[in-house]
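Protein chains in written order, with our numbering: chain A, 513 to 1012; chain B, 681 to 805; chain C, 923 to 1373.
Heads up, the beta-carbon is just placed ideally off N, CA and C, and yes, glycines get one too.
Quick caveat, the model's predicted, so the values are computed rather than measured.
Report on one structure; see the data block that follows.
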Amino acid sequence: MANATTAPKIVEPTVFDLSSPGRKGVSFPDPDVPRAKLPESMLRKDLPLPELAEVDVVRHYMHLSKFNYSVDGGYYPLGSCTMKYNPKINEDTCRLPGFLFTHPLQPIETVQGNLALMYQLQEWLKEISGFAAVTLQPAAGAHGEFTGVLIMRAYHKSRGDSKRVKMLIPDSAHGTNPASSGMIGLQVVQIPSDARGNVDLKALKEQCDDTVVGMMLTNPNTLGLFDEHIEEVIKLVHDCGGLMYGDGANLNALLGIVRPGDLGFDVMHFNLHKTFSVPHGGGGPGSGPVGVVAHLADFLPEPLVGILEEATDDEPPLFGFIKPAKSIGRMKAFHGHFGGGHVRAFTYIAMHGPDGLKDISQYAVLNANYLLARLRKTYHVPFDRICMHEFVAEGQFAGSDVRALDIAKRLMDYNFHPPTNYFPLIVHEALMIEPTETENKDTLDAFADALIKIADEAKTQPDLLHNAPSTTQFGRMDEVKAARELVLCCWLPEDYAEKV
Amino acid sequence: MNTPSNLKYTKSDEWFDPASGAMGITDYAQSQLSDIVFVEILVDEGDTVEVGKAIASVESVKASAEIYAAAAGKVTAVNKDLSQKPETLNSDPYGAAWMIKVEGGKTGEVMDAAAYEKYCAERTN
Amino acid sequence: MTYIPISPKERDAMLATIGVKTLDDLFKDVPARHRFPKLDLPPALTEMEAAAELADIAASNENVRGDLISFLGAGMYNHYIPSVVDHVLRRGEFYTAYTPYQPEISQGTLQAIFEYQSLMAALTGMEVSNASHYDGATAAAEAVNMAWAQFRGKRKKVVISPTVHPQYRAVIRTYTQGMELELAGDDPNADLGSGPEALMSLIDDNTMLLIVQYPDFFGRIYDYTKLIAGAHGKGALVCVVANPTALALFKTPGEMDADIVVGDGQPLGIPMWYGGPSLGFFTTKKSYVHKMAGRLVGETVDSRGQRAYVLTLTAREQHIKRERATSNICTNQGLLALASAVYMSLLGKSGMRQVAELCYHKAHYAAEQLSKIKGMELCFREPFFHEFALCLDRPAKDVNAHLLEHGILGGYDLGQDYPSLKNNLLIAVTEMNTKEEIDSLVEVLSEVDHG
């Protein structure tokens, strides 16, 4: 650890460090209209932004980009995140001028292309999932969840059923499930998993009463396992008047395999950024459409895209916006993540067709089971059965102080991105591995070989793991310093004044 | 691990001092949470707390926890310095890092120091 | 077309390793009666076909860079985006990375977000910024969540100015429907000319948050200093919804002592994209940082003594705090925060000011010319930035239809949201509008007058 008195070494200065008064990155034309009088008393005195030339900015961000690991650069088996390869054509289609430069409040007659695309995507997502209606508005998975939970609440309320306050959530769930429920004041009841990684039916039965809003279930769950009693689970929740929420985080295992709507789910969000190849962008933007069964369609957020005038022999249909009768309201301004989300997902689905979509899930599941088969002798897999698109192993060995974190960091030295670790919470030292369908056998073998070698290193040279990574530009971080000192901003007015 | 004998302890790792009416989190609790970076006292002077009611929220680098009242009573003092120096919870959990003081402090189910040490030892193994 | 790089031979070898015969054997846990549904979707397109189809769809829109001259704003603006921005965004290292959970191999994203936070704090005049929310409207709703958490539910009233963007107010209503909360001031029939101090009468000891917009929805610039001091006097927090371009020119909400500043970052280098994705910025005072939702990047050092950045205060977030978290938010708008950081770095001190001034001068030229037309006048007298409300002597809808016939995208029809403004257009002018464009708007509208 660095001595507190020595200044840290700066690998890449910030744009504020690089600033030099008088440099310009871009020029705009002089006004072609007379200058209007500015309201002096309302003007800001100083605008403390950096001053850089174009080349300074380009080189700076190129330098930064080199510090990132990415799917384009290597294998990224991050469990529950579906880090598949993102086709390049998507980057071109979403940047077509007709998409980039249309305003969300333009008259619908001038944006029939956008509306037709959104309508078609709603229809395709309905077909893929087995739901009766889909909204494209939610901005991300968690936003979709919040939408779904609001719909469930509104449904019960509309029936005068006001005593329902409990949301049932398995112990393997993503943190967003309880957080979404907490946002509207629901009481979260945790349901344990059984020995085979399914929902514990006995525990579920005990909680199923007339105070249940519903259940939020990820299936396949975060262990990568398809619940063996899924239809019984859903029946139990329905029989007590609850609604079944499907967390679509793991939909990449189900395309053309099974439709959540057919299984009896009532509401589900899609993650276009996982399943349908919208790139993750270093943490967003995502896109989290929500599908519902017919009796919940009236509660969807406004607006939906619909057909206002049916097609005739000469004219295509007129697409526009419709407001569902009992809508929960608006989830964000405008119409959702159209350009970055809907256009890319549309392109992806159009290029796959029904057979291609099924291939995605079949090969995602093949790759996961192949890695599981190669690794189960070396790493303990607590719920070991045929998995879906991912599986969870334990990153610990008897008699060794090596932890999952050390294994994760050591993988970086082999030029792999680590799996998700310490999640789900029900597996000790969890390593959650999701290979995705876009990796070839050579990559999977190299990754398995590295993990097997690391297991050996854990026994023979544990310090290699404790001190990993050693081959990357940056080593492990002092997270306590970050949280205690809370330097969240490199802009301070005094500093800037000195520099100018 | 430090377990002063004059204090009473809860299963959720809070301590209570019957002499002064003060309460806080135990040495075991702070070591489990590791580096504490934030604490918020959730009650004000003059409030009445009941056993098991959340009196504070604590966040470390990796975890968060709710802290529950070990004894019921009227709040007579709140440690206002604590939010400025949350690391005190790691360095001096029974002293400078007391959270609130109550009057009349009626405890619920509590353990003495010996029983609490045994309880912690069981969980460590 | 698929992107699966596994040959049939390799597949068979892998199946053999697993110990099953066919791919279908991997799905026995799926109830048989629902297994392998036949999806009614069109057959797959090749890349060449998809490129052509998408080009057709896009071309069937009328865009504002060639097809139409635009004076439409109302929350999303047609600004120039320098080439550098998209060149940086197209780096696979940035756009195909995940959330930076592994800081050793994510310093590119982490430092870029740290710079975004710093730039945003500087622009709004505040102490800290988070890594961004979905958009301006959801950022405003998160301000309500933060205030709720700050007062631990003990105060239950939010006062919101009727001149906050109607869609932002709608989103706040949606977000708070599960909370026992009173929304005051959210009334489209309120007197829109009475000035911000009128809100003071609604603020009481139960008020947790006051929300105002700057410039307001009608483009007006107010100094909220007195109002904010008044709200603070009642113990309430104040959130200012701001336009970031305007902040390059005008006194910051920070100078007015606002507690929270939110807004939509779209004007900062993000295309309109038919409404999204953009980003919602969120800046505040350092003392509220633990109650703020969303990702946060902090500076630290690594084990080699190098300055580095990490996601910090993560124990506030949903994956640890679960149902006790302030918000369920997981991601930020990472790539778009990068776009805004690049945009602000490139334009910098002088460029940002230049864009803001161009918007101001051109909007004022347009306002002056338009108000000369018989039957038209400016609705309000207050100073404005780059948007203004124009009163007409006929329905705004008819005027817009006439403009569209001449290839002009008119303003936003204010009657949709405010019954008293049914013959009013909200006109937006940016640096993209040339004098010729403004003159042709004036000319076409003069024809309306004559015809």
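Out of the options, which has the shortest C-alpha to C-alpha gap to residue i?
i, options, result
"A/A995", "B/E694, B/C800, B/R803 and B/P766", "B/P766"
"C/L1169", "C/L1041, C/T1031, C/D978 and C/I991", "C/L1041"
"B/Q712", "B/M681, B/A752 and B/N759", "B/M681"
"A/H572", "C/V1010, C/F1307, C/I1192 and C/L1121", "C/V1010"
"A/G911", "A/D925, A/K971, A/L637 and A/H785", "A/K971"
"C/A1230", "C/S1028, C/L990 and C/M936", "C/S1028"
"A/V779", "A/A958, A/P543 and A/F658", "A/F658"
"A/G907", "A/A920, A/I769 and A/E743", "A/A920"
"C/A1215", "C/T1234, C/L1132 and C/D962", "C/T1234"
"B/G704", "B/A776, B/S714, B/V729 and B/E739", "B/A776"
"A/A691", "C/L1331, C/E1245 and C/E1279", "C/E1245"
"A/Y757", "A/V661, A/Y667 and A/A809", "A/V661"
"C/E1304", "C/G1220, C/F1140, C/Y999 and C/E1358", "C/F1140"
"A/M764", "A/S582, A/G736 and A/D925", "Per the sequence shown, residue 764 of chain A should be read as Asn rather than Met. Ranking A/S582, A/G736 and A/D925 by Cα distance to A/N764 puts A/G736 first."
By the criterion of Cβ-Cβ separation under 8 Å, what are the contact partners of residue i in chain B?
i, result
"A/R996", "D715, V717 and E767"
Anything in chain C within Cβ reach of residue i, meaning under 9 Å, just list it in chain order.
i, result
"A/S532", "Correct list: empty, because the minimum Cβ distance to chain C is about 10 Å."
What does residue i touch in chain C if you count any residue whose Cβ is under 7 Å from its own?
i, result
"B/S692", "By Cβ distance, chain C contributes nothing, its closest Cβ being about 15 Å from B/S692, past 7 Å."
"A/S582", "G1014, E1015, T1018 and A1019"
"A/D712", "Within 7 Å Cβ-Cβ: nothing; A/D712 doesn't reach chain C, min ~17 Å."
"A/Q973", "Residues of chain C passing the Cβ test: none, with the nearest at roughly 18 Å."
If you draw a straight line from the alpha carbon of residue i to that of residue j, how long is it in whole angstroms?
i, j, result
"C/S1123", "C/G1152", "10 Å"
"B/A709", "B/A745", "10 Å"
"B/T683", "B/V782", "21 Å"
"A/M843", "A/F579", "35 Å"
"A/E951", "A/S873", "13 Å"
"B/T787", "C/I1242", "30 Å"
"C/P1193", "A/V623", "16 Å"
"A/P947", "A/A685", "20 Å"
"A/K557", "C/L1149", "21 Å"
"C/P1004", "A/V538", "8 Å"
"C/I1094", "A/K993", "36 Å"
"A/A1009", "A/E563", "Low confidence applies to A/A1009: its pLDDT is 45, below 50, so where it sits in the model is not reliable, and the reading given next is rough at best. In a straight line, the C-alpha of A/A1009 is about 13 Å away from that of A/E563."
"A/F738", "C/K1076", "44 Å"
"A/H854", "C/N1052", "26 Å"
"A/N515", "C/T1222", "Residue placement at A/N515 is poorly supported in this model, since its pLDDT is 48, which falls under 50; the coordinates still yield a value, given next. For A/N515 and C/T1222, the distance between alpha carbons rounds to 13 Å."
"C/A1120", "C/L1103", "21 Å"
"B/I747", "C/V1211", "21 Å"
"A/L784", "A/G800", "6 Å"
Could you name the residues of chain C that residue i contacts, counting a contact when the two beta carbons are closer than 8 Å?
i, result
"B/S744", "A1237, R1238, I1242, K1243 and R1246"
"A/D871", "T924 and I926"
Can you pull the chain B residues whose beta carbon is under 9 Å from the beta carbon of residue i, in chain order?
i, result
"C/R1074", "E720 and L722"
Under 7 Å between beta-carbons, which chain A residues line up against residue i? List them in chain order, please.
i, result
"C/Y1340", "In chain order: nothing, as chain A lies at least about 15 Å away."
Answer with yes or no whether the minimum CB distance from residue i to chain D is below 7 Å.
i, result
"A/E941", "Here the protein chains are A, B and C, and chain D is not one of them."
Residue i versus chain B: which residues are under 7 Å apart at the beta carbon?
i, result
"A/V999", "The contacting residues do not exist; A/V999 stays about 13 Å from chain B at best."
"A/V992", "D715 and V741"
The stretch 723-741 of chain B: which residues have C-beta closer than 9 Å to a C-beta of chain A, in chain order?
E739, S740 and V741
When you check each C-beta in the stretch 1027-1038 of chain C against every C-beta of chain B, which residues fall closer than 8 Å?
Per Cβ criterion, the list is empty.
Quick check for students: name the residue ranges of the alpha helix (DSSP H) that lie wholly in the stretch 1047-1102 of chain C, counting only runs of 4 or more.
Taking only runs of at least 4 residues, the alpha helix (DSSP H) segments lying wholly in the stretch 1047-1102 of chain C are 1058-1072 and 1088-1097.
Quick one: which residues of the stretch 607-634 of chain A get their C-beta closer than 7 Å to a C-beta of chain C? List them in chain order.
Those would be L608, P609, G610, F611, L612, F613, T614, H615, P616, L617, Q618, P619, T622, V623, Q624, G625, N626, A628 and L629, in chain order.
Ranges of the alpha helix (DSSP H) found wholly within the stretch 585-639 of chain A, counting only runs of at least 4
601-605 and 609-612
What residues in the stretch 1158-1188 of chain C have a beta carbon less than 9 Å from any beta carbon of chain A?
L1169, A1170, L1171, F1172, K1173, T1174, E1177 and D1186
Short-range partners of chain C found in the stretch 675-705 of chain A, where Cβ spacing is below 7 Å:
G687, T688, P690, A691, S692, S693, G694, M695, I696, G697 and V700
Let me know the beta strand (DSSP E) ranges lying completely inside the stretch 1268-1313 of chain C, each 3 residues or longer, listed in chain order.
1309-1313
If contact means a Cβ-Cβ distance below 8 Å, which residues of the stretch 1074-1098 of chain C contact chain B?
R1074
Closer than 9 Å, Cβ to any Cβ of chain A: which residues of the stretch 929-959 of chain C, in chain order?
S929, E932, R933, A935, M936, L937, T939, I940, G941, V942, L945, D946, D947, L948, F949, K950, D951, V952, P953, R955, H956, R957, F958 and P959
Determine which residues of the stretch 974-988 of chain C have a Cβ less than 9 Å from any Cβ of chain A, and write them out in chain order.
E975, L976, A977, D978, I979, A980, A981, S982, N983, E984, N985, V986, R987 and G988
If we require 3 or more residues per run, which beta strand (DSSP E) segments fall completely within the stretch 703-731 of chain A?
724-730
As an exercise, report each continuous beta strand (DSSP E) stretch of at least 3 residues that is fully enclosed by the stretch 750-801 of chain B, in chain order.
751-758 and 780-787
Cβ-based contacts, 7 Å cut-off: residues of the stretch 1269-1297 of chain C near chain A:
L1269, G1270, K1271, S1272, G1273, M1274, R1275, Q1276, V1277, L1280, Y1282, H1283, K1284, H1286 and Y1287
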